[in-house]
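Residue numbers (this note's numbering): 21 to 262.
Even for Gly, the Cβ is constructed at its ideal location relative to N, Cα and C.
Here is the structure we will look at, set down as structure tokens.
Listed below in structure tokens is the structure:
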């Protein structure tokens with residue numbers, strides 16, 4: 021007689037004990053991503069009031085800015101792994117050091133990419149065979165974006181470092197703050213509300229920079245306050261150690 025298990029379904033049971041913590045970590049990340057997509061759609065909807073050329077300008081500019089953003093993913097992916105390992109080992113000083121090094125590297129690369137972007141904005145657009153009327157609107161939009169690329173990349177780096185420490189809620193709240201301010205500022209600047217200059221497409225880009233500035237301020241406070249998953253500690257340096 022072959023030995024067997026009296027309950028044949030026992031080995032087919034799914035262990036759901038980790039479902040709640042997994043969802044607690046992943047849902048805020050998903051919410052942040054969807055929120056950013058909604059703001060992009062809202063931006064396009066607002067500039068759509070300015071005509072087809074404005075919509076095309078923002079769409080093309082978003083594609084170019086996305087390419088530059090992807091270049092930062094490699095840096096932040098490495099940061100995520102190192103910070104997570106340090107936090108898992110209980111090495112808060114090591115996590116702080118890795119995060120500071122990441123911020124410095126991201127800042128350096130952002131400045132370099134920003135300068136390249138400012139110098140070659142027209143070339144990027146013409147290489148995509150963009151119509152002249154669209155180029156005329158997209159150039160100032162991208163110029164503002166490249167001037168503020170440091171802020172947006174630092175915000176992304178802050179979010180990654182906190183997520184690596186197991187805190188995905190704080191980046192979600194920061195994203196909510198950034199995008200709410202971004203949307204409000206863009207609305208005011210696109211249409212010239214409350215006596216502000218009517219900047220059109222360029223106002224959408226400047227609104228994004230304003231939101232990013234508030235995000236960097238709030239993110240810096242979160243990292244230095246010691247109240248969240250990751251704390252930037254004394255004894256670690258922002259000076260790059262290559």
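- Judged by pairs of C-beta atoms under 8 angstroms, the stretch 104-122 does not touch the stretch 141-160, as fewer than three such pairs exist.
- Distance check between residue 139 and each of 166, 128, 155, 234 places 166 closest, using alpha-carbon atoms only.
- When only Cα atoms are considered, residue 73 and residue 164 end up about 18 angstroms apart.
- Taking 8 angstroms as the cut-off, the Cβ atoms of residue 190 and residue 249 count as close.
- Across the set 47, 156, 201, 120, the C-alpha of 120 shows the shortest separation from the C-alpha of residue 240.
- At the C-beta level, residue 168 and residue 229 come within 8 angstroms of one another.
- Remark: C-beta atoms of residue 176 and residue 222 do not approach each other more closely than 8 angstroms.
- Taking C-beta atoms as the reference points, residue 104 and residue 184 count as a pair closer than 8 angstroms.
- Exclusion of the five residues before and after residue 198 leaves 175, 231, 232, 234, 235 as the residues of its chain whose Cβ lies within less than 7 angstroms of its Cβ.
- When the five nearest sequence neighbours on each side are left out, the beta carbons in the same chain lying within less than 7 angstroms of the beta carbon of residue 255 are those of 113, in order along the chain.
- Counting only residues of its own chain and dropping the five nearest sequence neighbours on each side, residue 117 has a CB closer than 7 angstroms to the CB of 256.
- The criterion of a C-beta distance shorter than 8 angstroms is satisfied by residue 49 and residue 188.
- Residue 129 is a Cβ neighbour of residue 92, given a cutoff of 8 angstroms.
- Taken through DSSP and simplified to helix, strand or coil, residue 111 comes out as coil.
- The alpha-carbon of residue 75 is positioned some 9 angstroms away from that of residue 63.
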